[in-house]
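Numbering (this note's numbering), first residue to last: 1 to 130.
Down below is the structure, laid out as structure tokens.
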Amino acid sequence: MEELIARVAAAADIPADQAERAIGLVFAFLRREAPAEVEDMLREVPGATEAAERGEADKPKANGMMGGLMTMLGNGGGLMGLASQLTGIGLGTGEMTTVGKEIFGYAREKAGDERVGKVAAAVPGLGQFV
């Protein structure tokens, strides 16, 4: 996982701890949205299962009315929900795109094109990051 964290941090020009949180949120999202397709991929990517568990526990908490709306969107809403979670940890749109592409590039190297392709096909809109 350290290799992926370093790769994401460098590509997105973000701190390593922020990269680690983003990775966890992405893997947790994938596990919620495509559970049957993603488990094989997570097993092949070193540390991904643990990152998904941390990501599920790390979802941003609600603060006030706007925070409640963001949390509600983050608990559902497909990619929009994930985007709200990533915004909650301080990522902008460009950083989110870079993070996604790096995660899926790394996953493709470790788990193969076929497994990553199945995950991408199972989540509407995910193909733009794969």
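Don't be surprised by glycine CBs; every beta carbon is placed ideally from N, CA and C.
For M96, the number of other beta carbons within 10 angstroms of its own is at least 16, and it is reported as buried. Scanning F129, V123, A122 and D113 for the CA closest to the CA of E44 turns up D113. The DSSP-derived three-state label of A34 is coil. By the C-beta density criterion, G81 is buried, having at least 16 other C-beta atoms within 10 angstroms.
Beyond the five residues adjoining it in sequence on each side, T49 comes within less than 6 Å, by CB distance, of L42 in the same chain, given in chain order.
By a beta-carbon distance limit of 8 Å, Q18 contacts I89. Their separation comes to about 6 Å.
Just so you know, the alpha carbons of R108 and A28 end up roughly 18 Å apart.
With respect to the C-alpha of R21, the residue from E37, D40, R32 and K59 having the closest C-alpha is K59. Residue state for V26 is assigned as helix, using DSSP reduced to three classes. Annotated three-state conformation of K59 is coil, per DSSP.
Of the candidates R32, E39 and I23, E39 places its Cα closest to the Cα of V116. Separation of G24 and E33 (C-alpha to C-alpha, rounded to the nearest whole angstrom) is 14 Å. By the neighbour-count criterion, in which 16 or more other beta carbons inside 10 Å mark a residue as buried, G55 falls on the buried side. Annotated three-state conformation of I103 is helix, per DSSP.
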